[in-house]
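Student: Heads up: the sequence shown begins at 4 in this note's numbering, then just goes up one per residue.
Note that the Cβ used here is the ideal one computed from N, Cα and C, for glycine as well.
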Amino acid sequence: MEEWYHYVFLIAVGFIVGCINTIAGGGSLISLPVLIFLGLPPSVANGTNRVAVVVQNTLGTVGFASKGVSTMPFNIYLGISALLGAILGAYIAVDIKGETFNRILAVIMVVVVLIVVFKPKMKLEEMQELILGKHLWLGVIAFFFFGIYGGFINAGLGFIIILFLHYVNKMTLVRANATKVVVVLMYTLAALVVFVLNDKVDWAVGLVLAIGNGTGAWVASRVSVNKGDGFVRVFLVIVVCVMALKLLFFTTPLV
């Protein structure tokens, strides 16, 4: 980046992305093309984006905790599993192409929208969290594979994590979000190490983006708790629709 206003633009983009990622997911579908547009090679853009995601989820975690929302140690178990998967996914991401995968992801997002819109709302008595026994082990296994994708490119995974926790573990959307930010923080740290070791991170750009991401995450984490599940549900549907349309009709290779 050569012009000063590029940095201002990047902070603004980061704020929007931080809000989207914390409340729903898919913000990397905005930040990755922006980083490429600003001149970073695709693989470096993928690695650089992880710097902002780490900061974003750190502040998001603190934001949820400040509102008294925490799912420890359940989120730690899932995070460890996802971390192991992310190491594998990040090594795959170092030099793989991703145009076809973007279109597959778009189809997945459409499916997510259909689930969110047409899945009957669970009654209050059905929202008793299931985070022990077989449900814990189911989560550990599933999050290993989520981690592989998260290490690979991460974009859009937040949708899947939220819905898994909501419908499998019977978490409210707010508590699912609080769990998600911790898990994403853990596996992104592992992925970032892999990108750093392969010299795929532009630290100056990543830290500027992180200013915006972190601020957006802090604001969004507190707003989502105050607004409740209804707000998260509407926001989730809108973001998924926009991101799916972008991938289907305005696809740019990300890796």
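1) In its own chain, which residues sit with a C-beta less than 6 Å from the C-beta of K203, not counting the 5 before and 5 after it?
2) Counting only runs that start and end within the region 38 to 107, where is the alpha helix (DSSP H) found for 4 or more residues in a row?
3) Going by other Cβ atoms of all chains shown within 10 Å of its Cβ, with 16 needed for buried, is S43 buried or exposed?
4) Can you tell me the Cα-Cα spacing of V37 and G28, whole angstroms?
5) Might you give, ordered along the chain, the residues of its own chain that have their beta carbon closer than 6 Å to the beta carbon of N60, omitting 5 neighbours on each side?
6) Can the beta-carbon of V57 be found less than 7 Å from the beta-carbon of L192?
7) Indicate whether the contact test is met: 3 or more Cβ pairs, each with one atom in the region 82 to 89 and one in the region 150 to 164, closer than 8 Å.
8) Excluding the 5 residues flanking V208 on each side, which residues of the same chain have their C-beta closer than 6 Å to its C-beta?
9) In the DSSP assignment, find the unbroken alpha helix (DSSP H) run with V187 in it and report its ends.
10) Alpha carbon to alpha carbon, what distance is there between N172 and L35?
11) By DSSP, does V171 sit in helix, in strand, or in coil?
12) Are the Cβ atoms of G217 and I14 separated by less than 7 Å?
13) Which one of R225, Y80 and V65 has the shortest CA to CA distance from N146?
14) Is G154 helix, strand or coil when you go by DSSP?
15) How is the alpha helix (DSSP H) around A15 delimited, first residue to last?
16) Below 8 Å on the Cβ atoms is my contact criterion, and I expect T182 with F12 to pass it. Report the Cβ-Cβ distance as a whole number of Å.
17) Taking the alpha carbon of F67 as the reference point, which residue from V97, N180 and A194 has its own alpha carbon closest?
18) With a threshold of 16 other CB atoms inside 10 Å of the CB of V228, please say whether the residue is buried or exposed.
Tutor: In short:
1) The residues are S46, V47 and G50.
2) Restricting attention to alpha helix (DSSP H) runs no shorter than 4 residues, the region 38 to 107 encloses them at 45 to 69 and 77 to 96, ordered along the chain.
3) The displayed chain sequence assigns Leu, not Ser, to residue 43. The residue in question, L43, is buried, as its Cβ has 16 or more Cβ neighbours within 10 Å.
4) Going by C-alpha positions, V37 is about 17 Å away from G28.
5) Only V184, V187 and L188 meet the Cβ criterion.
6) With respect to the 7 Å criterion, V57 and L192 are classified as neighbours on the basis of their beta carbons.
7) Three or more pairs of CB atoms, one per stretch, sit closer than 8 Å, so the region 82 to 89 contacts the region 150 to 164.
8) In its chain, beyond the 5 residues on either side, T51 have a beta carbon closer than 6 Å to the beta carbon of V208.
9) Where V187 is concerned, the enclosing alpha helix (DSSP H) stretches over L176 to L200.
10) If you draw a straight line from the Cα of L35 to the Cα of N172, it is about 31 Å long.
11) If DSSP states are grouped into helix, strand and coil, V171 belongs with coil.
12) The answer is no: Cβ separation not under 7 Å.
13) It should be noted that the sequence gives Phe, not Asn, for residue 146. The shortest Cα separation from F146 among R225, Y80 and V65 belongs to Y80.
14) In the structure shown, G154 sits in a helix (DSSP, three-state: H, G or I).
15) Where A15 is concerned, the enclosing alpha helix (DSSP H) stretches over W7 to I26.
16) About 32 Å; that fails the 8 Å criterion.
17) The candidate whose alpha carbon is nearest that of F67 is N180.
18) Here V228 is buried: its Cβ has 16 or more other Cβ atoms, across all protein chains shown, within 10 Å.
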